[in-house]
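Undergrad:
In this note's numbering, the protein residues as written are 6 to 143.
#1: Are there 16 or more other CB atoms within 10 angstroms of the CB of residue 84, so buried, or fewer, so exposed?
#2: From residue 148 to residue 128, what does the alpha carbon distance come to, in whole angstroms?
#3: Output the distance between the C-alpha atoms of residue 53 and residue 140, rounded to the nearest integer angstrom.
#4: Can you tell me which residues form a DSSP beta bridge with residue 126?
#5: Do residue 63 and residue 109 count as a contact pair if the criterion is CB distance below 8 angstroms?
#6: Give me, in chain order, the residues of the same chain whose beta-carbon lies closer than 6 angstroms to that of residue 39; leave out the 5 immediate sequence neighbours on both sides.
#7: Could you tell me which of 99, 61 and 70 sits nearest to residue 119, measuring between CA atoms?
#8: Grab me the residues of residue 126's own chain with a C-beta within less than 7 angstroms of its C-beta, minus the 5 sequence neighbours each way, in chain order.
#9: Hey, out of 124, 93 and 73, whose CA is closest to residue 104's CA?
Written out as structure tokens, the structure is:
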């Protein structure tokens, strides 16, 4: 019986890497499952729901006035709309796009005078909450 070198290499790999090791089975990217918003008197809340925690950062662009959330290690669900119009006096709209193979971006168009607060947390998946308020709101 002859065993090819590639089969032997795979068997040696499986025998030497401990079960459950992240080196053995790397997790795939997080998926942006949904983006939702709600508008109320004090604030507009935007909720980005992901399957797991990605690395992310938030930048404020001045021209055009917007928040940009870069999600490294994330892909967009094919069911996610590319644009959600909001037009509530604080938020113009929410755009999502796949920036690179495993980097998604969410851009929130802001009206002049809007301020924001970002929080996040684990919920069995991962959520990013963005609260947009008027500049003089508490």
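For each residue, glycine too, the CB sits at the ideal point set by N, CA and C. Only a predicted model underlies this, so the values are computations on that prediction, with no experimental measurement involved.
TA: Based on what the coordinates show:
#1: To locate residue 84, count along the chain shown from 1; it is residue 79. So residue 84 ends up on the exposed side.
#2: Outside the displayed range of the chain (6 to 143) lies residue 148, so it cannot be described from this structure.
#3: As a first step, residue 53 must be located in the chain shown, where it is residue number 48. As a first step, residue 140 must be located in the chain shown, where it is residue number 135. One C-alpha to the other measures close to 23 angstroms.
#4: Here residue 126 is taken as the residue at index 121 of the chain shown, counted from 1. Note: residue 126 sits in a beta bridge opposite 132.
#5: For this step, residue 109 is matched to residue 104 along the chain shown. For this step, residue 63 is matched to residue 58 along the chain shown. Going by C-beta atoms, residue 109 is not nearer than 8 angstroms to residue 63.
#6: By 1-based counting over the chain shown, the position of residue 39 is 34. Excluding sequence neighbours, residue 39 sits near 54.
#7: Working through the chain shown from its first residue, we reach residue 119 at position 114. Residue 119 has its Cα closest to that of 70, out of 99, 61 and 70.
#8: In the chain shown, the residue the question calls residue 126 occupies position 121. Cβ within range, chain order: 132.
#9: Reading the chain shown from its first residue, position 99 is the one you call residue 104. Nearest C-alpha to residue 104: 73.
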